[in-house]
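**Student:**
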Amino acid sequence: MCRKKINMKNILKKTLILIFLSSFTPAFAADTTVEMLNKSGKEIMVFSNKIVRVNVGETVYWKATNKGHNVEFIKGGTPEGVPKFKSKMNKDTQFKFEKPGIYAYWCTPHKMMGMIGFVIVGDDKSNLEAIKSIKFVGKSKKLALELFSQL
Ligand SMILES: [Cu+2]
Numbered sequence: 498m499c500r501k502k503i504n505m506k507n508i509l510k511k512t513l514i515l516i517f518l519s520s521f522t523p524a525f526a527a528d529t530t531v532e533m534l535n536k537s538g539k540e541i542m543v544f545s546n547k548i549v550r551v552n553v554g555e556t557v558y559w560k561a562t563n564k565g566h567n568v569e570f571i572k573g574g575t576p577e578g579v580p581k582f583k584s585k586m587n588k589d590t591q592f593k594f595e596k597p598g599i600y601a602y603w604c605t606p607h608k609m610m611g612m613i614g615f616v617i618v619g620d621d622k623s624n625l626e627a628i629k630s631i632k633f634v635g636k637s638k639k640l641a642l643e644l645f646s647q648l
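Everything in the sequence shown is counted per the working numbering, starting at 498 for the first residue and increasing by one.
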């Protein structure tokens with residue numbers, strides 16, 4: 498009788514721990530949100546945060562706060578083996594980052610205007626040299642140089 502009681506107590510304890518942990522899962526499963534904007538302060542055509550850092554397995558959400566934008570991973574701008582990614586114009590989108598490394602992306606119609614962003618996954622910068630050799634265009638060139646120093 499006594500042993501049974503202890504077991505029940507244990508089960509209850511374990512259940513409570515599980516409930517406790519699962520209630521925190523959303524926080525661990527990170528919701529990093531980046532907005533696509535026509536204007537932010539003095540800048541036009543920008544991602545609200547140009548550099549975001551996430552853990553492996555986490556998802557970044559891009560919100561189409563303003564229309565006319567998208568998210569496109571730049572060729573050579575992701576860790577090896579990551580498939581192409583290009584979201585639809587005017588739509589919210591998301592990507593789950595399974596491979597560590599730096600991911601460089603831009604908004605297809607505004608890459609000339611400096612609408613670029615970076616996601617650093619698992620604090621891994623092993624592909625930084627590849628990122629630095631990307632051919633950025635227009636206003637993105639100068640901006641990319643500034644951002645490299647912050648990666
Ligand atoms: Cu854009």
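All C-beta atoms in this analysis are idealised placements derived from N, C-alpha and C, irrespective of residue type, glycine included.
Mind checking whether the beta-carbon of N567 lies closer than 8 Å to any heavy atom of ligand 1?
**Tutor:** Residue numbering aside, residue 567 sits at position 70 when the sequence shown is read from its first letter. Yes.
**Student:** What would DSSP say about E643, mapped onto helix, strand or coil?
**Tutor:** Taking the sequence shown and counting its residues from 1, the one referred to as residue 643 is at position 146. DSSP places E643 in helix when its eight states are reduced to three.
**Student:** Is P523 helix, strand or coil by DSSP?
**Tutor:** Within the sequence shown, residue 523 is the residue found at index 26, counting from 1. Low confidence applies here, because P523 scores a pLDDT of 47, under 50, leaving its location unreliable; read the following figure in that light. P523: helix per DSSP, three-state reduction.
**Student:** Within 10 angstroms of its Cβ, does K506 collect 16 or more other Cβ (buried), or is it exposed?
**Tutor:** For the purposes of this step, residue 506 is taken as the residue at position 9 of the sequence shown. Counting Cβ neighbours within 10 Å, K506 comes out exposed, since fewer than 16 surround it.
**Student:** Could you give the DSSP three-state label for T605: helix, strand or coil?
**Tutor:** The residue you call residue 605 lines up with position 108 of the sequence shown. Here T605 sits in helix by DSSP.
**Student:** Count Cβ pairs between the segment 574-590 and the segment 634-646 that sit closer than 8 Å; are there 3 or more?
**Tutor:** Because the criterion of three Cβ pairs below 8 Å is not met, the segment 574-590 and the segment 634-646 do not touch.
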